[in-house]
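Have a look at the structure below, then the notes.
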Amino acid sequence: MTVLAAAAVVTFGIVGSGAATSIVVLATLAVFATTMLVTYLFRRYLDRRPWHDIGIARPGRGELIGLAAGFVVGVAAIAVWFGIEVAAGWAEVTGWSVTARGASSAALTVVVGVVLVLRS
């Protein structure tokens, strides 16, 4: 997952933040694939150790429950604090908008994160 996040950062550095979503997604996948290929080649031909020696273990049920609980607690804390700000008059909601890029990028990030956690 860290590799995918790093790939996204590298991609934004290469294509810029104003690029179309499809270009960003394709570039991120290309950087991710290249990173995984280079890692595999280094592990196979320079380190000469098997892939599973990296130490990435498949998460168990306890880890997944902890991950979900942490997500819920984080979202709840932000929601409660935002509610306090609105109730106290410190914040005001004047409109709501989700751009096409924002919604698709957020959805892609969540889906990729879940897949990587479940497949590792």
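According to the numbering used here, the sequence shown holds residues 2 to 121 in order.
Beta carbons: idealized from backbone N, C-alpha and C, even for Gly.
Measuring alpha carbon to alpha carbon, tell me which of the options ends up nearest residue i.
{"i": "residue 56", "options": "113, 44, 108, 35", "result": "44"}
{"i": "residue 122", "options": "118, 119, 110", "result": "The requested residue 122 is not part of the displayed model; the chain covers only 2 to 121."}
Expressed to the nearest angstrom, what Euclidean distance is found between the alpha-carbon atoms of residue i and residue j?
{"i": "residue 113", "j": "residue 37", "result": "15 Å"}
{"i": "residue 63", "j": "residue 116", "result": "17 Å"}
{"i": "residue 27", "j": "residue 41", "result": "21 Å"}
{"i": "residue 83", "j": "residue 49", "result": "52 Å"}
{"i": "residue 60", "j": "residue 73", "result": "18 Å"}
{"i": "residue 81", "j": "residue 94", "result": "15 Å"}
{"i": "residue 85", "j": "residue 23", "result": "38 Å"}
{"i": "residue 78", "j": "residue 71", "result": "11 Å"}
{"i": "residue 119", "j": "residue 67", "result": "13 Å"}
Suppose only complete runs of 4+ residues qualify. What are the alpha helix (DSSP H) ranges in the stretch 34 to 104, listed by chain order?
Within the stretch 34 to 104, the complete alpha helix (DSSP H) runs of at least 4 residues are 62 to 89.
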